[in-house]
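J.: The structure follows.
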Amino acid sequence: MSRRVLYGVLNWGLGHASRSSVVIRALEEAGFEPILASDGVAGEWLQEEFPHLEYRELPSYEVRYSKSSRQWPSLVSGLPRIAKAASAERRILRLWADDLKPAGIISDNRLGFSHPDYPSAYISHQLSPKAGSFTRFAAASHRSYYRQFSELWIPDDKDRSLSGSLSTGIGKKRFIGPLSTLERRPVEGERVLIILSGPEPQRSILERRLFEQADALPDSTVLVRGINGACPDRYHQKFKVYDRLGRMDLSALIAQSSLVISRSGYSSLMDYHYLGKRALLVPTPGQSEQEYLAKRHAKRKGYMAVKQDDLLLSTQLEQALAMPFPEPQDFSLPEDLFRIFSA
């Protein structure tokens with residue numbers, strides 16, 4: 151019986167790749183042979199984290215964000231492009247599956263990464279996406295894809311503590327628990343860590359805004375840019391700067407920091423809950439899911455949410471550093487998670 155598992159990961163920042171690394175390592179521990187597939191920065195990250203595993207390239211969804219705060223009209227206009235890429239990846243996957251005869255298939259939000267002849271799992275926390283006036287359309291469109299998978303794996307607990315209403319939807323759902331790759335370490339002083347992520351141009355817009363307010367930040371501030379590329383020399387005068395970091399290095403930085411400033415992406419929130427980390431959340435403008443998650447978590451101990459246009463570190467940083475630390479949360483995958491691949 152084949153022990154190969156084809157594993158496709160969406161390239162939308164590094165969140166999907168990061169959380170998938172937990173499942174990939176669990177597959178290896180269970181004796182399976184993951185074959186990884188993605189594109190862009192997510193693909194680069196996976197190859198850096200798992201140089202010993204086979205990697206294959208998939209078509210890009212070419213997710214594009216507007217410079218304005220109204221993102222969904224821009225994203226909806228790109229749906230034909232996404233649908234075309236999903237169809238292409240489905241054709242590619244069928245060729246791979248016919249050749250490899252895998253034990254199964256796992257997709258972290260890659261819409262076309264399924265095959266009717268092989269057991270498959272779809273990892274997503276947003277079966278019911280938040281999309282403003284496009285919510286009903288977005289939910290129906292997403293459902294038409296994920297219903298083709300054998301199981302839906304939701305990285306949250308059964309109480310939907312992190313995802314809330316995002317994870318409601320039809321299908322054979324399994325709540326596999328939140329996913330985090332990080333390790334707990336003692337906090338070192340008042341270090342502030344800035345983590346930038348997500349599609350352009352909003353990543354760069356937030357980067358520039360933070361640099362403009364850098365005088366309000368302590369000298370020990372660290373900036374992780376989330377991309378490989380030329381970094382303006384003036385940034386090094388204000389921060390200790392990294393382009394991208396591997397899992398162990400990023401884990402150490404987050405764990406040892408007193409406060410993290412970042413987007414309110416779901417994977418980041420899973421990490422902060424696991425570590426018991428304070429966070430100043432700046433949701434991507436117009437990305438309804440991040441705005442929902444930021445608002446939801448701002449009601450909890452240790453979290454503060456600020457709109458990008460309202461970011462004013464001269465006053466908000468002091469408030470954030472005065473917040474109490476939340477309690478760390480322990481996560482673990484179900485012992486029988488891969489049962490569908492052994493049937």
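Position in the sequence shown counted from 1, then plus 150, gives you my numbering.
The beta-carbon is built from N, C-alpha and C at its ideal position, and this holds for glycine as well.
1) What separation, rounded to the nearest whole angstrom, lies between the Cα atoms of S347 and L164?
2) Grouping DSSP H, G and I as helix and E and B as strand, with all else coil, what is K390?
3) By Cβ distance, which residues of its chain are closer than 8 Å to P433, with the 5 residues on each side in sequence left out?
4) Rounded C-beta distance between R335 and Q406? I'm assuming under 8 Å.
5) Can you give me the Cβ contacts of A235 inside the same chain, cut-off strictly under 6 Å, excluding the 5 residues immediately before and after it?
6) Just the Cα atoms here: how many angstroms apart are F287 and S170?
7) What are the start and end residues of the alpha helix (DSSP H) that includes I273?
8) Can you list, in chain order, the residues of its chain whose CB lies under 8 Å from that of G339, leaving out five sequence neighbours each side?
9) Between which two residues does the alpha helix (DSSP H) harbouring A176 extend?
10) Are at least three pairs of beta-carbons, each pair with one atom in the region 264-273 and one in the region 195-210, less than 8 Å apart?
11) Just curious, the beta strand (DSSP E) that L186 is in, first and last residue?
12) Assuming the contact rule is C-beta atoms closer than 8 Å, F361 and K390 should be a hit. Round their C-beta distance to whole Å, please.
13) Candidates P435, L431, L467: which alpha carbon is nearest Y453's?
14) Between the alpha carbons of D486 and Q466, how many angstroms are there, rounded?
T.: Quick look at the numbers:
1) Taking the first residue of the sequence shown as 1, we reach residue 347 at position 197. Taking the first residue of the sequence shown as 1, we reach residue 164 at position 14. Spanning the two alpha carbons is a distance of roughly 7 Å.
2) Indexing the sequence shown from 1 puts residue 390 at position 240. If DSSP states are grouped into helix, strand and coil, K390 belongs with the strands.
3) Within the sequence shown, the letter at position 283 stands for residue 433. When the five nearest sequence neighbours on each side are left out, the beta carbons in the same chain lying within less than 8 Å of the beta carbon of P433 are those of R413, S414, Q440, E441, L443, A444, A455, K457, Q458, in order along the chain.
4) Within the sequence shown, the letter at position 185 stands for residue 335. Within the sequence shown, the letter at position 256 stands for residue 406. That pair is a contact at about 5 Å.
5) As a first step, residue 235 is located in the sequence shown; it is residue number 85 there, counting from the start. Closer than 6 Å at Cβ, skipping near neighbours: P209, Y211.
6) Position 137 of the sequence shown, counted from the start, is the residue given in the question as residue 287. Position 20 of the sequence shown, counted from the start, is the residue given in the question as residue 170. Whole-angstrom Cα-Cα distance: 27 Å.
7) As a position in the sequence shown, residue 273 is number 123, starting the count at 1. From DSSP, I273 is part of no alpha helix (DSSP H) but of the beta strand (DSSP E) over 270-273.
8) In the sequence shown, residue 339 corresponds to position 189, counting from 1. Hits under 8 Å: S370, S408.
9) Start at 1 with the first residue of the sequence shown, and residue 176 comes out as number 26. A176 -> alpha helix (DSSP H) spans 165-179.
10) These segments do not touch.
11) Counted from its first residue, the sequence shown places residue 186 at position 36. Per DSSP, L186 belongs to the beta strand (DSSP E) from 183-188.
12) Numbered from its first residue, the sequence shown carries residue 361 at position 211. Numbered from its first residue, the sequence shown carries residue 390 at position 240. Rounded, the Cβ-Cβ distance is 14 Å, inconsistent with contact.
13) Numbered from 1 along the sequence shown, position 303 holds the residue referred to as residue 453. Of the listed residues, the one whose Cα sits closest to Y453 is L431.
14) In the sequence shown, the residue the question calls residue 486 occupies position 336. In the sequence shown, the residue the question calls residue 466 occupies position 316. Going from the Cα of D486 to the Cα of Q466 covers about 45 Å.
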